[in-house]
Amino acid sequence: ERIQAVGVGKIPQIVYKTAKGRCSTLLSKRQFLTIWQCWLQIRHPQIEKIESWEIKASGLQFTTNRGLFGLTFSEAKAFLSRYNRAAIEPLSVKCNGSDTVVWNPLHQTISQVSETGCSCADSLYRNTICKHQIAVHLCRNQGILGDRAS
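So for the sequence shown, this note's numbering puts the first residue at 9; every next one is plus one.
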């Protein structure tokens, strides 16, 4: 529903709707930056660090080692939804050199992820960052969603 900063410390808060009503989650600044660093590095792999961030009326703005980058709230909400799905679904990431495969046992699908995108419909037809790209990024950069495919 919205992303905002609350209190004197400008703590990031995500407000969203569920089947039971409206909820909100406060994030540590570290968690908040981890999420958006993922988005930035998938979109712009040369970005190494977010130096500062700001919540504007139109969306989020990040100052990075490569300049200013922003995304609208609608893009941010879509990314957060996929980021959440990547964390919740039991995705298995298997790296084979430059080729990476993501297996989703819930949907019985395999998606191939490369530097240029993913073979899934979200990436191909909607031109968005998909949960498979997020899973690969998290696996490679943070050791999350490790190689669960044996």
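For glycine and all other residues, C-beta sits at the position ideal for the given N, C-alpha and C.
- Going by beta carbons, residue 68 and residue 75 fall outside the 8 Å limit.
- The C-beta distance from residue 22 to residue 88 rounds to 7 Å, short enough to fall under 8 Å.
- Residue 61 has its alpha-carbon roughly 24 Å from the corresponding atom of residue 148.
- When C-alpha distances from residue 111 are compared across 72, 12 and 94, the shortest belongs to 94.
- Taking residue 84 as the centre and dropping the five residues before and after it, the same chain places the C-beta of 11, 67 and 68 closer than 7 Å to its C-beta, in chain order.
- For residue 104, the enclosing beta strand (DSSP E) starts and ends at 100 to 104.
- By the Cβ neighbour-count rule, residue 96 is exposed, with fewer than 16 other Cβ atoms within 10 Å of its own.
- For the set 114, 101 and 106, the Cα lying nearest the Cα of residue 124 is the one of 106.
- Assigned with DSSP and collapsed to three states, residue 109 falls in strand.
- Residue 140 counts as buried, since no fewer than 16 other beta carbons sit within 10 angstroms of its beta carbon.
- Looking at 37, 30 and 54, the one whose alpha-carbon comes closest to that of residue 17 is 37.
- Around residue 116, the same chain offers no residue with a beta carbon nearer than 7 Å, after the five sequence neighbours per side are excluded.
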